Amino acid sequence: RIVYLNGEWLAESEAKVSIFDRGFLFADAIYEVTAVIGGKLIDYPGHAARLKRSLAELRMTCPLDADSLLDVHRQIVARNNLDEGLIYMQISRGPADRDFAFPANPTPTITLFTQEKGILSSPKLETGISVITMPDLRWVRRDIKTVQLLYPSIAKTEAMHRNADDAWLVEDGFVTEASSANAHIVTTEGKLVTRSLSTAILHGITRASILDLARGAGVPAEERAFTPQEAKNAAEAFITSATSFVMPVTRIDGEPIGAGIPGPITQRLRAAYVEDRRSNAI
Ligand code: PMP
Numbered sequence: 021r022i023v024y025l026n027g028e029w030l031a032e033s034e035a036k037v038s039i040f041d042r043g044f045l046f047a048d049a050i051y052e053v054t055a056v057i058g059g060k061l062i063d064y065p066g067h068a069a070r071l072k073r074s075l076a077e078l079r080m081t082c083p084l085d086a087d088s089l090l091d092v093h094r095q096i097v098a099r100n101n102l103d104e105g106l107i108y109m110q111i112s113r114g115p116a117d118r119d120f121a122f123p124a125n126p127t128p129t130i131t132l133f134t135q136e137k138g139i140l141s142s143p144k145l146e147t148g149i150s151v152i153t154m155p156d157l158r159w160v161r162r163d164i165k166t167v168q169l170l171y172p173s174i175a176k177t178e179a180m181h182r183n184a185d186d187a188w189l190v191e192d193g194f195v196t197e198a199s200s201a202n203a204h205i206v207t208t209e210g211k212l213v214t215r216s217l218s219t220a221i222l223h224g225i226t227r228a229s230i231l232d233l234a235r236g237a238g239v240p241a242e243e244r245a246f247t248p249q250e251a252k253n254a255a256e257a258f259i260t261s262a263t264s265f266v267m268p269v270t271r272i273d274g275e276p277i278g279a280g281i282p283g284p285i286t287q288r289l290r291a292a293y294v295e296d297r298r299s300n301a302i
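Spelled out as structure tokens, the structure:
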């Protein structure tokens, strides 16, 4: 693979970052993941906007202007002949003598790499995924997309050990989100319910797109928190993320949701997302 690091295009084995980088020592870094289909970027403007927001929240600066950032995204796709998969981009505050306080004039580290991944088709689309519920023990600024991903890694690993695919995290009795995706249910009345935006969840770009498309698809939507019990009683459930788009959830804590198969509204929203976002890919 050819990767990007601080203005250079390198073979992945040649790309090296300082052990004093604050991304490595303090998880003082933010990231974005953008899906690529047919060599084009999906929902890119949303990811670029959220990147700006995450940087501002942490008083970090972007080493590239908006045009250059898009250009680097396009180049990495071309240089790797990427047809379907994802682009991972990370910006850390950069290297500095180890000290908790932010350094005065750091030079940020920016890196991008690609991963090939089947997004349009996945065997899990036929069956849906199973989730377990776990307490949400992450820090409380989940709206900032930091690389502080230890707890989501623990949750995902625990799900695997319990023969499930993912974990839905629960705080004060309500589902926040999945380990690396937003969580949604469809009530027996056919209403889409998804948690409203706050510092408790990541403001998913796919979530926003789905809410938008639901309006067009005649699916009423309500932004509010729901409990695991409400999810168990729901007609359908799904998760959204840049690399899974809309993925049906058919079991929660071992119990089937609705008929235990991917639901019609979930499938309609996925189809609408694929069609709309592919035709608007850049
Ligand atoms: N929540 C969390 C915790 C995530 O890690 C992600 C994906 N990185 C999402 C939600 C989904 O966000 P998006 O649709 O922008 O990928």
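For the sequence shown, the tail end lands on 302 under our numbering, and the numbers increase by one without skipping.
From the three backbone atoms N, C-alpha and C, an ideal C-beta is built for every residue, glycine too.
Here the structure is a predicted model, which is why all the values come from computation and not from measurement.
**Asked** How many Å lie between G59 and A98 at the Cα?
**Response** 8 angstroms
**Prompt:** Where are the beta strand (DSSP E) runs, 3 residues long or more, that stay fully inside the segment 107-158, in chain order?
**Reply:** 129-136 and 149-155
**Request:** May I ask which residues mark the beginning and end of the alpha helix (DSSP H) holding E295?
**Result:** P284 to S299
**Prompt:** With a cut-off of 8 angstroms, do at least 3 Cβ pairs link the segment 204-221 to the segment 232-250?
**Reply:** yes
**Asked** Across which residues does DSSP place F194 in a beta bridge pair?
**Response** E191
**Request:** Report buried or exposed for W188, applying the criterion of at least 16 other Cβ atoms within 10 angstroms of its Cβ.
**Result:** buried
**Buried/exposed call for F40, threshold 16 Cβ in 10 Å** = Here F40 is exposed. Its C-beta has fewer than 16 other C-beta atoms within 10 Å.
**Item:** Closer than 6 angstroms: L222 CB and nearest ligand 1 heavy atom
**Value:** yes
**Asked** Nearest to A175 by alpha carbon, out of K165, P155, A245 and V160?
**Response** P155
**Request:** Return the CA-CA distance between T131 and R70, expressed in angstroms with no decimal places.
**Result:** 17 angstroms
**Request:** Thinking G105 and V37 are a contact (beta carbons under 8 angstroms), I'd like their distance in whole angstroms, please.
**Result:** In fact, because the Cβ distance is near 23 angstroms, the residues do not count as touching under 8 angstroms.
**Item:** Residue ranges of each beta strand (DSSP E) within the segment 231-255, 3 or longer
**Value:** 241-243
**Asked** In the structure shown, what three-state DSSP assignment does E34 receive?
**Response** helix
**Item:** T226 in three-state terms, based on DSSP
**Value:** Correct three-state label for T226: helix.
**Prompt:** For ligand 1, any of its heavy atoms closer than 6 angstroms to the Cβ of I225?
**Reply:** yes
**Selected residue, minimal CA-CA separation from Q135, among S150, S74 and I107** = I107
**Request:** Would you mind sorting V151 into buried or exposed? The rule is 16 or more other CB atoms within 10 Å of its CB.
**Result:** buried
**Asked** Looking at A245 and Q168, is the spacing between their C-beta atoms short of 7 angstroms?
**Response** no
**Request:** Pull up the distance between the alpha-carbon of T226 and that of E250, whole angstroms please.
**Result:** Across the structure, T226 and E250 are spaced so that their CA atoms are roughly 23 angstroms apart.
**Asked** Among G224, L145 and N183, which has the Cα closest to the Cα of A203?
**Response** G224
**Prompt:** By Cβ distance below 7 angstroms, which residues in the same chain neighbour I302 in space, the five residues on each side in sequence not counted?
**Reply:** K60, L61 and Y64
**Asked** Do the CB positions of I149 and V269 come within less than 7 angstroms of each other?
**Response** yes
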